[in-house]
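Please read the structure below before turning to the comments.
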Amino acid sequence: MRIVIKIGTSTLTHKTGNLNIRRVEKLCEVISDIKNAGHEIILVSSGAIGMGVGKLGLGKKPEDIPSRQAAAAVGQCELMYVYDKLFDQYHHTVAQILIAGTDLDNEKHKQNFSNTVARLLEYGALPIINENDTIATEEIALGDNDRLGALVSRLVEADLLILLSDIEGLYTADPRKDPNAELITEVHEITDAIRDLASGKGTVLGTGGMITKIQAAEICMEAGISMVISNGATPENLYDIVDGKKIGTKFIPA
Ligand code: GLU
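Mapping of the sequence shown onto the working numbering: position 242 corresponds to residue 222, and the numbering continues sequentially without gaps.
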């Protein structure tokens, strides 16, 4: 299978913006193992701004664009340094690809992107993609990596997109507020009722929330790609997801 795994900031970092070492080490181990089993893996990783906040000691995510972009510039290096070091333990070679929203409107850029990813996969490398946060302005920024993950999945003709977040999946109500909220394990169609379930809030350092995940699911389902939302706190779940077991919420195209 060709699998795109989107890793959210909340999975990679503590609330301080500093690396969640135990979590990220496990994640890289499991992803390496899945790759060793013969699957093609492409990562879409957030965390540049969050890790920049941690490394620069800013305390919280800045409000203004230049400060966020500066944090992303610092954090992107740190992010790739960590991935390079951890995946190298399992003899996997990482490759960084930064993509801007405008690239996705440009046929030539899209083609170059797809060709590069295809070649990296042929080489056995592990592409790690993020938005090019330092040049994107508010108008052209994709802004969230959930939709970027879906757009990448479509471009590389993935079989499956897995969104790792700080929540198990889509619930019948907000589980942080409603104790009766139940996990929805399968979605076959994005209806207005499903859209209404997605409340807008993400985490302190991340960007997306359930809304951007539902938008990602719409892009995937339209393209015939399955998508799973799962909690990144338990990286071992990735084994079961790849094996087709019921974990989190699975969006299944017609
Ligand atoms: N590109 C942003 C970053 O790496 C994250 C966007 C998101 O949280 O979805 O910090």
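Where a beta carbon is used, it is the ideal one built from N, C-alpha and C, also for glycine. Model, not experiment: these values are computed from the prediction.
Legend entry - Alpha-carbon to alpha-carbon, His72 and Leu106: If you take the alpha carbons of Leu106 and His72, they lie about 7 Å apart.
Inset, instruction - Pair every Cβ in the stretch 165 to 174 with every Cβ in the stretch 88 to 102, then say whether three or more of these pairs are closer than 8 Å. - result: No: the two stretches stay apart, fewer than three of their Cβ pairs being nearer than 8 Å.
Inset, instruction - Could you pull out every residue in the same chain whose Cβ sits closer than 6 Å to the Cβ of Gly228, ignoring the five residues on either side in sequence? - result: Closer than 6 Å at Cβ, skipping near neighbours: Glu148, Gly149, Val208, Ile209, Ser210.
Legend entry - Same chain only: Cβ atoms within 6 Å of Glu58, ignoring 5 sequence neighbours per side: Correct list, in chain order: Met31, Lys35.
Legend entry - Alpha-carbon to alpha-carbon, Gly55 and Leu38: Rounded to whole angstroms, Leu38 to Gly55 spans 12 Å at the Cα level.
Inset, instruction - State buried or exposed for Pro215, treating a residue as buried only when at least 16 other CB atoms are found within 10 Å of its CB. - result: Residue burial is scored here from C-beta neighbours: Pro215 has at least 16 other C-beta atoms within 10 angstroms and is therefore classed as buried.
Legend entry - Range covered by the beta strand (DSSP E) that runs through Met207: In the DSSP assignment, Met207 falls within the beta strand (DSSP E) that extends over 206 to 211.
Legend entry - Proximity below 7 Å, CB of Ile191 to CB of Ala178: Yes. Within cutoff.
Inset, instruction - Please name the residue in Ala197, Pro233, Gly(-3), Gly224 whose C-alpha comes closest to that of Ala51. - result: Sorting Ala197, Pro233, Gly(-3), Gly224 by C-alpha distance to the C-alpha of Ala51 places Gly(-3) at the top.
Legend entry - Check: Glu111 C-beta below 6 Å from any heavy atom of the ligand GLU: The answer is yes for Glu111.
Legend entry - Status (buried if at least 16 other CB within 10 Å, exposed otherwise) for Glu111: Under this definition Glu111 is a buried residue.
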